[in-house]
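2 protein chains.
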Amino acid sequence: MSEITLTTYDWVPEMPRGLVRDLRVRWALEEAGLTYQVNSTPFRDRGPEHFAVQPFGQVPWLTDGNLTIFESGAILLHLAEKSRALMPKDPRGRTEVLEWVVAALNSVDLPSQPWALFRFMGYPGESPEAQFMDNFLNARLERMEAVLANREWLAAGRFTVADLLMADVLRQVDRFDGLAKFPACQHYVARSTTRPAFVKAYDDQMAHFAAADAA
Amino acid sequence: MSEITLTTYDWVPEMPRGLVRDLRVRWALEEAGLTYQVNSTPFRDRGPEHFAVQPFGQVPWLTDGNLTIFESGAILLHLAEKSRALMPKDPRGRTEVLEWVVAALNSVDLPSQPWALFRFMGYPGESPEAQFMDNFLNARLERMEAVLANREWLAAGRFTVADLLMADVLRQVDRFDGLAKFPACQHYVARSTTRPAFVKAYDDQMAHFAAADAA
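Chains as they are written, first to last, in my numbering: chain A, 8 to 222; chain B, 8 to 222.
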């Protein structure tokens, strides 16, 4: 048995499959070559024992020895400490990874996730609030486009956990065609999500939920 | 001269004063008792040299020796490594701080910041998108209320940088009366923002921008 256990839902509907946030943790574990097992928690009946480890009633969480960690961004930074494949050891490289991880979690995901959820819900998109989020997201994507037009990866001159997270955030925008005007962002998502570790993580998440359909 | 320099705008309009994100960094520096100086960058004309250090054209950024760091959340985690006042050294305490820092940056700020911006803009709030953000924010606040009803501080049994960040996120909701149904969250914001280090940081930010009015 590995020391590392990733917990995700036992099942989710078709629509969010491939987007549940255990995927980014699977991806990091595969990039790092760490051994892990996957546990399930009920999607439909989230009891007190779920809220005790994940206070927002979401997934994933990770157990590593006697530590339990929630928030996928925190899990990624925890795993990054265990593997140079995810983060270099020198202060400048670590700082670059940290600032871009936070940029993905806050500066980019903050407009992109509501924007994607509005589309997911099928809202008409004509309200001032919808227009505001369009402009907010596009302003951030313009800046990401300028950055990614000039470099292959965000931090430390090579692929790190910062790219893993930023690409995972941006591919959810891409899913609703939000990157159409931002070719450097599109190419970045493409070169990130064709990495073997992403492909395995994606296939494993799809198989995990498909197995629950069959059960 | 201190090794640590915090850079913020030279001036901002009245409305965002007291909310510019250099405040949370000032607060952390005061809690940690670290010596620092404050530099200004133009609010009105943001040139290439601004985007070179802060790719989204925002503030703050921090220089610490030969490192420059953007994203206030990343700056807080950087400072937390320098001071036990902000984060304990043991693995469990560090993990708890990390997960709640990310919870503030992503799970809570993600609905709260668009929600607050919609109010700041004075939108009517009747669109499906506005209702969605209301429900999204309230769902997260219900969970924060359950957590804060049972503990004084979020991580490691004492005030840490996770509280500093979460309280700074929640006070922006409080400003638009969004915590009215969440008394534990309100009390948490009150006990955080009456700390001498917050009061000094707040007063210093207000004085910094007021000095620019007079100039």
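Even for Gly, the Cβ is constructed at its ideal location relative to N, Cα and C.
By the three-class DSSP mapping on this structure, what secondary structure does residue i have?
{"i": "residue 42 of chain B", "result": "coil"}
{"i": "residue 17 of chain B", "result": "coil"}
{"i": "residue 29 of chain B", "result": "helix"}
{"i": "residue 9 of chain B", "result": "coil"}
{"i": "residue 134 of chain A", "result": "coil"}
{"i": "residue 47 of chain B", "result": "strand"}
{"i": "residue 157 of chain B", "result": "coil"}
{"i": "residue 190 of chain B", "result": "helix"}
{"i": "residue 139 of chain B", "result": "helix"}
{"i": "residue 64 of chain B", "result": "coil"}
{"i": "residue 80 of chain A", "result": "helix"}
{"i": "residue 59 of chain B", "result": "helix"}
{"i": "residue 88 of chain B", "result": "coil"}
{"i": "residue 93 of chain A", "result": "coil"}
{"i": "residue 165 of chain B", "result": "coil"}
{"i": "residue 151 of chain A", "result": "helix"}
{"i": "residue 24 of chain B", "result": "coil"}
Alpha carbon to alpha carbon, what distance is there between residue j and residue i?
{"i": "residue 81 of chain A", "j": "residue 102 of chain B", "result": "8 angstroms"}
{"i": "residue 156 of chain A", "j": "residue 148 of chain A", "result": "12 angstroms"}
{"i": "residue 109 of chain A", "j": "residue 78 of chain B", "result": "7 angstroms"}
{"i": "residue 62 of chain B", "j": "residue 43 of chain A", "result": "36 angstroms"}
{"i": "residue 171 of chain B", "j": "residue 139 of chain A", "result": "28 angstroms"}
{"i": "residue 113 of chain A", "j": "residue 119 of chain B", "result": "12 angstroms"}
{"i": "residue 152 of chain B", "j": "residue 206 of chain A", "result": "39 angstroms"}
{"i": "residue 165 of chain A", "j": "residue 75 of chain B", "result": "19 angstroms"}
{"i": "residue 99 of chain A", "j": "residue 87 of chain B", "result": "16 angstroms"}
{"i": "residue 200 of chain B", "j": "residue 221 of chain A", "result": "53 angstroms"}
{"i": "residue 135 of chain A", "j": "residue 25 of chain B", "result": "26 angstroms"}
{"i": "residue 191 of chain B", "j": "residue 160 of chain B", "result": "11 angstroms"}
{"i": "residue 54 of chain A", "j": "residue 16 of chain A", "result": "13 angstroms"}
{"i": "residue 141 of chain A", "j": "residue 121 of chain B", "result": "12 angstroms"}
{"i": "residue 51 of chain A", "j": "residue 132 of chain B", "result": "31 angstroms"}
{"i": "residue 45 of chain A", "j": "residue 68 of chain A", "result": "10 angstroms"}
{"i": "residue 47 of chain B", "j": "residue 9 of chain B", "result": "16 angstroms"}
{"i": "residue 144 of chain B", "j": "residue 106 of chain A", "result": "25 angstroms"}
{"i": "residue 29 of chain B", "j": "residue 198 of chain B", "result": "20 angstroms"}
{"i": "residue 126 of chain B", "j": "residue 175 of chain B", "result": "17 angstroms"}
{"i": "residue 184 of chain B", "j": "residue 193 of chain B", "result": "10 angstroms"}
{"i": "residue 128 of chain A", "j": "residue 202 of chain A", "result": "30 angstroms"}
{"i": "residue 217 of chain B", "j": "residue 57 of chain B", "result": "22 angstroms"}
{"i": "residue 64 of chain B", "j": "residue 49 of chain A", "result": "43 angstroms"}
{"i": "residue 23 of chain A", "j": "residue 215 of chain A", "result": "13 angstroms"}
{"i": "residue 150 of chain B", "j": "residue 90 of chain B", "result": "29 angstroms"}
{"i": "residue 158 of chain A", "j": "residue 83 of chain B", "result": "26 angstroms"}
{"i": "residue 219 of chain B", "j": "residue 182 of chain A", "result": "45 angstroms"}
{"i": "residue 21 of chain A", "j": "residue 146 of chain B", "result": "23 angstroms"}
{"i": "residue 130 of chain B", "j": "residue 73 of chain A", "result": "48 angstroms"}
Assuming residue i and residue j make a contact with CB atoms under 8 angstroms, what is their CB distance in whole Å?
{"i": "residue 179 of chain B", "j": "residue 123 of chain B", "result": "5 angstroms"}
{"i": "residue 66 of chain B", "j": "residue 14 of chain B", "result": "6 angstroms"}
{"i": "residue 85 of chain A", "j": "residue 71 of chain A", "result": "7 angstroms"}
{"i": "residue 168 of chain B", "j": "residue 104 of chain B", "result": "6 angstroms"}
{"i": "residue 27 of chain A", "j": "residue 19 of chain A", "result": "6 angstroms"}
{"i": "residue 240 of chain A", "j": "residue 173 of chain A", "result": "It is not possible to answer for residue 240 of chain A, since the shown part of chain A is limited to 8 through 222."}
{"i": "residue 177 of chain A", "j": "residue 154 of chain A", "result": "That pair is no contact at about 12 angstroms."}
{"i": "residue 204 of chain B", "j": "residue 95 of chain B", "result": "With 8 angstroms as the limit, residue 204 of chain B and residue 95 of chain B do not qualify as a contact, their Cβ atoms being about 18 angstroms apart."}
Need the endpoints of the alpha helix (DSSP H) that residue i sits in, please.
{"i": "residue 52 of chain A", "result": "Premise fails: residue 52 of chain A is in no alpha helix (DSSP H) and is neither H nor E."}
{"i": "residue 179 of chain B", "result": "168-181"}
{"i": "residue 119 of chain A", "result": "116-128"}
{"i": "residue 211 of chain B", "result": "203-221"}
{"i": "residue 103 of chain B", "result": "98-109"}
Taking residue i as part of the beta strand (DSSP E), name the residues at either end of that continuous run.
{"i": "residue 77 of chain A", "result": "74-77"}
{"i": "residue 70 of chain A", "result": "68-71"}
Is the closest heavy atom of the ligand HEM to the C-beta of residue i under 7 angstroms?
{"i": "residue 87 of chain B", "result": "The ligand HEM is not part of the structure shown, which contains no ligands of any sort."}
Find the residues of chain E that neighbour residue i, judging by a C-beta separation of less than 7 angstroms, and give them in chain order.
{"i": "residue 76 of chain A", "result": "Absent from the structure: chain E. Protein chains present are A and B."}
Check your understanding: So does the segment 29-45 of chain A actually touch the segment 208-215 of chain A, counting three or more Cβ pairs closer than 8 angstroms?
Key -> yes
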